[in-house]
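**Student:** Per our numbering: the sequence shown ends with 656, consecutive numbering throughout.
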Amino acid sequence: MDYQNRAGSKKGAAGIASDAQANLARRKQVEELLKDGEQIPYTFQDEDGQSEKLRKNPYIYKNHSGKLICKLCNTMHVSWSSVERHLSGKKHGLNVLRRGNTTGKAENHERSELQDDRDREFQREVMLRRENLKNTGLIPKCTVVNVQGKSTNSHGVAIRVDYNVDESPSLDFSASEERLSPMVRIVSGLELQEIEKKDKKYVVIAYEPFENVAVEIPSDMSIMMNESEVNSVAIDDVNSKCTFWDEAHRKLYVQFFLE
Numbered sequence: 398m399d400y401q402n403r404a405g406s407k408k409g410a411a412g413i414a415s416d417a418q419a420n421l422a423r424r425k426q427v428e429e430l431l432k433d434g435e436q437i438p439y440t441f442q443d444e445d446g447q448s449e450k451l452r453k454n455p456y457i458y459k460n461h462s463g464k465l466i467c468k469l470c471n472t473m474h475v476s477w478s479s480v481e482r483h484l485s486g487k488k489h490g491l492n493v494l495r496r497g498n499t500t501g502k503a504e505n506h507e508r509s510e511l512q513d514d515r516d517r518e519f520q521r522e523v524m525l526r527r528e529n530l531k532n533t534g535l536i537p538k539c540t541v542v543n544v545q546g547k548s549t550n551s552h553g554v555a556i557r558v559d560y561n562v563d564e565s566p567s568l569d570f571s572a573s574e575e576r577l578s579p580m581v582r583i584v585s586g587l588e589l590q591e592i593e594k595k596d597k598k599y600v601v602i603a604y605e606p607f608e609n610v611a612v613e614i615p616s617d618m619s620i621m622m623n624e625s626e627v628n629s630v631a632i633d634d635v636n637s638k639c640t641f642w643d644e645a646h647r648k649l650y651v652q653f654f655l656e
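#1: Output the boundary residues of the beta strand (DSSP E) element that contains S479.
#2: Our contact map puts I583 next to K598 with C-beta atoms below 8 Å; I'd like the distance itself, whole angstroms only.
#3: L535 to V601, Cα distance in whole Å?
#4: Would you check if there are 3 or more beta carbon pairs closer than 8 Å linking the segment 607–625 to the segment 535–548?
#5: Compute the distance between the beta-carbons of K464 and V475, then report whether it is under 8 Å.
#6: Between S415 and R423, what straight-line distance do the alpha-carbon atoms span, to the nearest angstrom?
#7: Give me whichever residues DSSP pairs with K538 in a beta bridge.
#8: Using only the alpha-carbon positions, how far apart do V554 and M580 sit?
#9: Looking only at C-alpha atoms, which of N420, F653, L649 sits nearest to V558?
#10: Considering only C-alpha positions, which residue in the set N561, G486, T640 is nearest to F607?
#11: Based on DSSP bridge pairs, tell me the residues matched to I620.
#12: Taking just the CA atoms, how far does L469 sit from Q512?
#13: Under three-state DSSP, which class holds A422?
#14: How would you write the range of the alpha helix (DSSP H) that S578 sits in, first residue to last?
#15: So, are the CB atoms of S548 and M621 less than 8 Å apart?
#16: Comparing C-alpha positions only, which one of L577, K487, S619, S479 sits nearest to L655?
#17: Measure from the alpha carbon of P438 to the alpha carbon of each residue in E481, S462, F641, V651, then state which is nearest.
#18: Report back the beta-carbon spacing between I457 and V480 to the nearest angstrom; my notes put them in contact at under 8 Å.
#19: Mark A572 as exposed unless 16 or more other C-beta atoms lie within 10 angstroms of its C-beta, in which case mark it buried.
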């Protein structure tokens, strides 16, 4: 503040401040304390969205004359204390809630559209994959052995399916099929069309271009999963914890216990 032009002042010294000047200085100090060091940008300044989100009061700006305005409520304020009262008031709170609901609905709509696009793309890939499915009619060699756990004494089933095609040189695997592994799924008899199989349960193993392999298991018992994952690349717990794919020898091993 310039003190040299006050009445009674000497060169290099400050005169006596009037009450208006003292009040003005006090109001500026109060506003600086209320702002807590926050820098208020002007409305005509370019500000990226990230900086606006990081600000404590992202809706408060200065207009061309230096007055404070709230862009959300379209109100003007002459001091920061007035801004504080406005921010804690009912009008600003309701507008913030309306803005949040509008923004949330827009984000949910965009997220829903993105999910719909992904679902359509997935269905398109599924249909294309179904059209390109191959079935040579070959039945792989399947060995089923009953096993018993050492620690729990629970009974289980061990399955080995041999997909070795050395005896069938005409069967060729493309590069994409080389990366695929057999898939295992527990199928309830309710999913089957045969009425006499409604009360049964099966372990179905599928691997293109071979025929599916199904092993019947007791329908009144559930499968116990291993604690650790055996196959890290799998679609569910049964394929990740109960199967092992020997790609070098093209043999699938499935083992689980029943309870």
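In this text, a Cβ means the ideal position worked out from N, Cα and C, and glycines have one as well. Keep in mind the model is a prediction, meaning the values are calculated, not measured.
**Tutor:** Concretely, from the data shown:
#1: Under the DSSP assignment, S479 falls outside any beta strand (DSSP E), being part of the alpha helix (DSSP H) whose first and last residues are 477–484.
#2: Between I583 and K598 the beta-carbon gap is near 7 Å, inside 8 Å, which marks them as a contact.
#3: Straight-line measurement puts the Cα of V601 at about 16 Å from the Cα of L535.
#4: A contact is defined here as three or more CB-CB pairs under 8 Å, and the segment 607–625 meets this definition with respect to the segment 535–548.
#5: yes
#6: 12 Å
#7: Per DSSP, the beta-bridge partners of K538 are D559.
#8: 17 Å
#9: L649
#10: N561
#11: L655
#12: 31 Å
#13: helix
#14: It is not in any alpha helix (DSSP H) - S578 carries neither H nor E in the DSSP assignment.
#15: no
#16: Taking only the C-alpha atoms, the option nearest L655 is S619.
#17: S462
#18: Contact flag correct, Cβ pair sits at about 6 Å.
#19: For A572, the pLDDT reaches just 47, beneath the cut-off of 50, and the residue's location in the model is therefore unreliable, although a value from the coordinates is still provided. Exposed, because fewer than 16 other Cβ atoms sit within 10 Å of the Cβ of A572.
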